[in-house]
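Novice:
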Amino acid sequence: MQNLYYISLWVFLFWVILFAVLEVFFAKRKYVDDKKSRWPVNIGFTVFNSLIIRGLPFTPVLMALYAEQKWWWVFNSVEIPLILEIFFVIVIFDFIIWTHHVAFHKVPFLWRFHKVHHSDVDMDFTTALRFHIWEAFQSILVKSFFIVMFGFHAIPVLIFEILLNFSAMFNHANIKLPKKVDALVSKLIVTPDFHEMHHSDKHVETDSNYWFFLSIWDYIFHTYTDHRLWAERIGLNLKSKPTIKELFLTKF
228 MQNLYYISLW VFLFWVILFA VLEVFFAKRK YVDDKKSRWP VNIGFTVFNS LIIRGLPFTP
288 VLMALYAEQK WWWVFNSVEI PLILEIFFVI VIFDFIIWTH HVAFHKVPFL WRFHKVHHSD
348 VDMDFTTALR FHIWEAFQSI LVKSFFIVMF GFHAIPVLIF EILLNFSAMF NHANIKLPKK
408 VDALVSKLIV TPDFHEMHHS DKHVETDSNY WFFLSIWDYI FHTYTDHRLW AERIGLNLKS
468 KPTIKELFLT KF
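If you want our numbering, it's the position in the sequence shown, counting the first as 1, plus 227.
(1) Given a cut-off of 8 Å, decide if Thr354 and Trp266 are closer than it, judged by their beta-carbon atoms.
(2) With distances taken from CA atoms, which of Trp361, Gly378, Trp237 and Lys255 is nearest Val288?
(3) When burial is assigned at 16 or more other CB atoms within 10 Å of the CB, is Leu476 buried or exposed?
(4) From this set, Tyr437, Val384, Val268 and Val251, which residue's C-alpha is nearest Ser235's C-alpha?
(5) Specify, as a first and last residue, the run of the alpha helix (DSSP H) that Val318 falls within.
(6) Does DSSP classify Leu289 as helix, strand or coil?
(7) Measure the alpha-carbon distance for Ile310 versus Val243 and round it to whole angstroms.
(8) CA-CA distance, Thr418 and Ala410?
(9) Which class does Ile402 belong to by DSSP, given the choice of helix, strand or coil?
(10) Around the C-beta of Leu474, are 16 or more other C-beta atoms found within 10 angstroms, so that it is buried, or is it exposed?
Take a look at the structure:
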């Protein structure tokens, strides 16, 4: 378990360094707010959340290991190639988390916590780290439940978690892709331009282009807005910038 945790941690730190460097050379937008005030807040959220989650008696990988030991449910009852299980884990969990994300926009109680993520007035890879602890906890609960229900193994779950971290930082990154590359890739994989529309200050645009990895769900369920239109402004329409205390208490 410790080895799997450190693998995930080191890969996560690699993604952070990678996108921090890419944003220096391929920045798309000029920042509205100063990095010196934004980055400590955004990174602080993920450090705080990670410390809390690390102390939980259940995490996705831990629950997968436990399901393996108990031989629970579908994937512990049949033998299939590892590559095929990885494919199933990615597709199934991508849809589950897409659905979970939509719920956080549609249900007022859940939106209260998710708006912390959308309150960022700029969008870069650190925005992908800006989540309220309650939303992070909810995400762990949902993933753990379905891991036990399906009986997924630890390695495919770890690969999905690494992919999820990469895709979240990639799609929030302040980097500019060539138009032809974006047009091709966004047919299947969510790009920064694709997801940028979701962070628009316009409600009708925020309620679209939900996902971070597979863009197919937004096409299938008609929640896609043409991202070539480009969001004019990022973040919520707030009169003033929320303090750290207001962000944690969700009183803004």
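Note that beta-carbon positions come from the ideal geometry of N, C-alpha and C, so glycine has one too.
Specialist: Looking at the atomic coordinates:
(1) Contact flag unset, no.
(2) Just measuring C-alpha positions, the residue of Trp361, Gly378, Trp237 and Lys255 sitting nearest Val288 is Gly378.
(3) In the assembly as shown, Leu476 is an exposed residue. Its beta-carbon has fewer than 16 other beta-carbons within 10 Å.
(4) The option with the nearest alpha carbon to Ser235 is Val384.
(5) Element bounds for Val318: Leu309 to Lys333.
(6) Judged by DSSP in its simplified three-state form, Leu289 adopts helix.
(7) Approximately 27 Å between the Cα atoms of the pair.
(8) Rounded to whole angstroms, Thr418 to Ala410 spans 9 Å at the Cα level.
(9) DSSP places Ile402 in coil when its eight states are reduced to three.
(10) The C-beta of Leu474 has 16 or more other C-beta atoms within 10 Å across all chains shown, which makes the residue buried.
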